[in-house]
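Numbering (the working numbering), first residue to last: 6 to 369.
Backbone N, C-alpha and C fix where the C-beta goes; we use that ideal spot for every residue, glycine too.
First comes the structure, then the notes that go with it.
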């Protein structure tokens, strides 16, 4: 089933779980409830009588390592860096969510930055490959497996679930241009042009220009008429298959609008634009590998959040049983709603059983 999502927005003095009632709803449609997570009095990670000295030594070592690791990450504000260093030094606690796993001990993960990845539109898959440490699998393989998983799952669900997913796709890639302007200054519409039809599309645009139509208006008209809109499951799969390679079947055309009308047409004439991985892709990736994926978002001073909440975790749960440990990805934000944050980077999660529950920074 397509699941609802859990948004965890913690301060490091208390934890708040925000539960979305609809995974696919628009930002204004989401209804949430908040629950205070009680202290972990019932979680005992180690025998305190034998590990106290070791804990203190590990803390000092890891604190120094965190400072080095996160100090070297480009583009972080000081408040973001402080919180990420603390998460690394103290760790985040994860318990297996599956049934029959009550005897599995909790695991504490220390998160370090896994390095820069290219901002070529494939960053979700490149970052995931690095975070997994997957050998013999590249970003294009992960993209293909994500699309295949989506098609299998989308084809097996009922009509109501298909409708919900389709509405989410339309909201992202074929928005209603009569609404939504209270949130967005610019809205984008994605269209798919077959690579082998680009010359005929150019000829049709030139014909309109010869009768006095401006280039962008002519391009908008022809692309809308002859290209495939991304507005349902099958078209999403075609869109998400695009890696910006010459081997792609389609090129991505992007129409940008303001409330006053057409702003620009990105014709992607070189065919290098790739489909950026969205929430649907992340959930499919989680399902394919049977593991939860946490996107760790770090918002800056202009993010309209209090400093203690500038780093939070957005979980994406698989639609299948969780088998493996979670995967962590990093996203830097420079504004509210993740503005300027459309780039994923890998996080390396190192298991660390040498902590007491009082020292854990966050419970997932």
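Please classify residue i as buried or exposed, where buried requires at least 16 neighbouring CB atoms within 10 angstroms.
i           : result
residue 136 : buried
residue 351 : buried
residue 329 : exposed
residue 355 : exposed
residue 42  : Bear in mind that the predicted position of residue 42 carries a pLDDT of just 32, short of 50, making it too unreliable to give a figure here.
residue 134 : buried
residue 183 : exposed
residue 370 : Look at the range of the chain in this structure, 6 to 369, and you will see that residue 370 is not part of it.
residue 341 : With a pLDDT of only 41 at residue 341, under 50, the local geometry of the prediction cannot be trusted, and the value read off the model is given with reservation. When all chains shown are included, residue 341 counts as exposed.
residue 65  : Low local confidence applies: a pLDDT of 47 at residue 65 is under 50, so the model's placement there is unreliable, with the coordinate-based value given in what follows. With fewer than 16 other Cβ atoms within 10 Å, it is exposed.
residue 215 : exposed
residue 229 : exposed
residue 227 : buried
residue 84  : buried
residue 126 : buried
residue 128 : buried
residue 74  : buried
On the DSSP letters alone, give me the boundaries of the alpha helix (DSSP H) that residue i sits inside.
i           : result
residue 227 : 220-231
residue 256 : Not the alpha helix (DSSP H): residue 256 falls in the beta strand (DSSP E), residues 255-263.
residue 215 : 203-215
residue 281 : Run containing residue 281: none; DSSP gives neither H nor E here.
Tell me the residue span of the beta strand (DSSP E) that contains residue i.
i           : result
residue 239 : That residue, residue 239, is in no beta strand (DSSP E); its alpha helix (DSSP H) goes 238-245.
residue 271 : 266-271
residue 354 : 349-356
residue 320 : 316-321
residue 302 : 298-304
residue 199 : 192-199
I think residue i touches residue j, with their Cβ atoms under 8 Å apart; what is that distance to the nearest whole Å?
i           : j           : result
residue 293 : residue 150 : 5 Å
residue 296 : residue 320 : About 11 Å; that fails the 8 Å criterion.
residue 268 : residue 196 : No, residue 268 and residue 196 are not in contact; Cβ-Cβ is about 15 Å, not under 8 Å.
residue 224 : residue 81  : Actually they are not in contact, since the Cβ atoms of residue 224 and residue 81 sit about 39 Å apart, beyond 8 Å.
residue 270 : residue 221 : 5 Å
residue 131 : residue 122 : 4 Å
residue 167 : residue 155 : Contact flag wrong, Cβ pair sits at about 12 Å.
residue 357 : residue 96  : 5 Å
residue 192 : residue 299 : Actually they do not touch by this definition, with Cβ atoms about 28 Å apart.
residue 178 : residue 157 : About 21 Å separates the two Cβ atoms, so there is no contact after all.
For the 8 Å Cβ check, are there 3 or more pairs between the region 157-176 and the region 231-241? yes
Are the region 91-105 and the region 250-269 touching by the rule of at least three beta carbon pairs closer than 8 Å? no
Which runs of the alpha helix (DSSP H) at least 4 residues long sit entirely within the region 92-177? Give them in chain order. Runs of the alpha helix (DSSP H) spanning 4 or more residues and lying entirely within the region 92-177 occur at 128-137, 144-161, in chain order.
Is the region 275-284 in contact with the region 210-226, if contact means three or more CB pairs nearer than 8 Å? Judged by Cβ distances under 8 Å, the region 275-284 makes no contact with the region 210-226, as fewer than three pairs qualify.
Taking one C-beta from the region 279-292 and one from the region 239-251 each time, how about it: are there three or more such pairs within less than 8 Å? yes
Hey, is the region 115-129 in contact with the region 80-93, meaning 3+ C-beta pairs nearer than 8 Å? yes
Counting pairs of Cβ atoms below 8 Å between the region 285-302 and the region 315-334, do you hit three or more? yes
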